[in-house]
Amino acid sequence: MFQFIQKQNNNELELMTETKIDQQLKADHITVDDLPNEPKKDSFIIAKNKVFKEEDIHSLKNQTPRLQEDAKKIESDLKEPIQNTKTLAKDKYGDFLRNYVVDGQKYEFAKSEASKIYFFQKYKDKPIFYNDHAMIIVTLNEKDEIVSYTQTMLTDLKEMGENDKAKEQEIISAQKALENLFVKQELTPNTHIKEAQIGYATLVSLAESNKQVLTPTWNLKEKGKKDHFVNAIEGQVIKLGEEKEKYNGVNGNESAF
């Protein structure tokens, strides 16, 4: 009986807290489009930083590719600029991804700003956010044409756990991620969240084994401004991609030991 009453009290307290946060969101004119109800479970991912081989770049046409950083990165200059990117929607980069990079079907458009375009690698159609080992960064000229790029890739991606049941972890909802951002004062008054997307971010980078562990992560996109990232299992706010225009291959959530 005591446990039942305690559980009931905890549920009522949680409901009161959620209601209070909803009221505070409204008071600050923080609005949001419909948030997804799924998924409710996801998995930690372990992956290896790909080491490219010379044969990987020999097949690349109309460019001058080279291997950098112990062959973990491809840098390439195109022989002729291609595609005026101002005329392209975000889903129209297929020609570039198919014909100019290694395994381009594994990447999706992420963001464009200034003279850069960012593509994130995907796992099961979910993006791996701002990971310096899983991204294509394109450089544009003054005509907004593609002139060069760098590419990194994760390989051998696997869900962690001894069996399917052990692999699945309960994750917080997109609504809960929004509330966590508000409680941590990451949202200013009059903010509008236009979209929430589930993906992955680096949890731990294991330098000695050349591997990393990825955690399910919510990306809440603020209209016209920044993206917000929340660990979908533990709930804490993650700082990713805050200096994209100065991106130097190190993301803000990585550690090595």
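When we follow UniProt numbering, the leftmost residue of the sequence shown carries the number 1, and every step to the right adds one. Just so it is clear, CB atoms sit at the ideal spot from N, CA and C, and this is done for glycine as well.
- Here DSSP, grouped into helix, strand and coil, assigns residue 177 to helix.
- Residue range 54-58 is occupied by the alpha helix (DSSP H) that includes residue 57, with no beta strand (DSSP E) assigned at that position.
- A contact between stretches requires three or more CB pairs, one per stretch, nearer than 8 Å, and the stretch 221-230 meets this requirement with the stretch 187-195.
- Secondary-structure assignment with DSSP links residue 65 through a beta bridge to 76.
- Going by C-alpha positions, residue 98 is about 12 Å away from residue 108.
- Counting along the chain, no alpha helix (DSSP H) covers residue 227; the unbroken beta strand (DSSP E) around it starts and ends at 227-231.
- Closest in C-alpha terms to residue 110, from the list 95, 129 and 124, comes 129.
- Straight-line spacing of the CA atoms in residue 157 and residue 49 works out to 10 Å.
- Note that the C-beta distance between residue 196 and residue 174 is below 7 Å.
- In the three-state DSSP reduction, residue 198 falls in the strand class (E or B).
- Boundaries of the alpha helix (DSSP H) harbouring residue 96: 94-99, taken from the DSSP string.
- Taking every protein chain shown into account, the CB of residue 216 has 16 or more other CB atoms within 10 angstroms, so this residue is buried.
- Taking the C-beta atoms as reference points, residue 135 is found no nearer than 7 Å to residue 46.
- At the C-beta level, residue 235 and residue 172 come within 7 Å of one another.
- For the set 66, 61, 119 and 179, the Cα lying nearest the Cα of residue 53 is the one of 66.
- Residue 126 and residue 198 have their C-alpha atoms spaced approximately 7 Å apart.
- Annotated three-state conformation of residue 46 is strand, per DSSP.
- Burial state of residue 59 is exposed, judged by a 10 Å Cβ sphere holding fewer than 16 other Cβ atoms.
- Going by C-alpha positions, residue 114 is about 14 Å away from residue 84.
- Partner residues in the beta bridge of residue 136, as assigned by DSSP, are 119 and 151.
- In the DSSP annotation of this structure, residue 187 is not part of any beta strand (DSSP E), being labelled neither H nor E.
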